[in-house]
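Novice: Residue numbers (the UniProt record's numbering): 1 to 282.
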């Protein structure tokens, strides 16, 4: 599936399943392959549309820095859902977003609640990037543009995204980060990272406006988004709950896919049960 947006074409892979559709949007620094380990479990309950963000996968490169990046991403997400409604099935979608994808889902659900049936965010800090993260990313981006995914860039990203155990024992997971960041379009990737990390603003306002059933999944090893911070955010939302995955840092779809898939499918099943109860009260 190819979707036209004002930031360029987005590419999405459709995995057939039941009639309800879930859109999966990946984290920064990787692409839609980061979902591969959960696809077989999730496709049993949903048709999956796996989006590659700009500068990743077969999507167009981002050709400029974007100040209001998440807002523009949400506009792109509206185009994605519109095309899904035309080509696959009418009605809202279930949104599953990891970090970057979670930010897009939060804004989309806040401004277009008619398009989002339910929302799951995975390792998605609601606040803007911390000063420490901004310094680290700000220092690494010029080096990345110069030498690519090597040396301090490779070390810094792998350390930030994966646990020590994953880095030592799971080369396939490591490759799901290294390969997308090793492509020749380093300038475009840098623009996407700059726009999505350094230009990211606080999304507490969006979380407060979300009305659809929401699951926010935190991890126990990501310093900038602790389980306690996640729980505090969901407590202030209308219909939201928190889950915590242990032994993972920023990419649980790669580090603990079985546990993540179980959280997602259980949440979806619960939503169907709630809808059925509403339609058929005792």
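Built from N, CA and C at the ideal position, the CB exists for glycine as well.
Exposed or buried, which one is residue 103 when buried takes at least 16 other CB atoms within 10 Å?
Specialist: Looking at its Cβ environment, which holds 16 or more other Cβ atoms inside 10 Å, residue 103 is buried.
Novice: For the segment 33-42 and the segment 105-113, state whether three or more C-beta atom pairs, one from each stretch, are separated by less than 8 Å.
Specialist: They do not touch, by the three-pair rule.
Novice: Going by DSSP, what residue range makes up the alpha helix (DSSP H) through residue 151?
Specialist: Where residue 151 is concerned, the enclosing alpha helix (DSSP H) stretches over 151-161.
Novice: Which residues in the same chain have their Cβ closer than 6 Å to the Cβ of residue 52, if we skip the five residues on either side of it in sequence?
Specialist: Correct list, in chain order: 11, 31, 32 and 59.
Novice: Note down the Cα distance separating residue 238 from residue 203, rounded to an integer number of angstroms.
Specialist: About 16 Å.
Novice: Could you check where the beta strand (DSSP E) with residue 237 kicks off and where it finishes?
Specialist: Note, residue 237: premise wrong, no beta strand (DSSP E); not H, not E.
Novice: State yes or no: is the C-beta of residue 161 within less than 8 Å of the C-beta of residue 251?
Specialist: Cβ atoms of residue 161 and residue 251: closer than 8 Å.
Novice: Helix, strand or coil, according to DSSP, for residue 205 in the structure here?
Specialist: Three-state DSSP puts residue 205 in a helix.
Novice: In terms of residue numbering, what span does the alpha helix (DSSP H) encompassing residue 36 cover?
Specialist: Where residue 36 is concerned, the enclosing alpha helix (DSSP H) stretches over 36-42.
Novice: Using 8 Å as the Cβ pair cut-off and three pairs as the minimum, do the segment 13-27 and the segment 80-99 touch?
Specialist: These segments touch.
Novice: Does the segment 197-211 touch the segment 64-79, meaning 3 or more C-beta pairs lie closer than 8 Å?
Specialist: Touching, yes.
Novice: The beta strand (DSSP E) spanning residue 98 covers which residue range?
Specialist: From DSSP, the beta strand (DSSP E) with residue 98 extends over 93-98.
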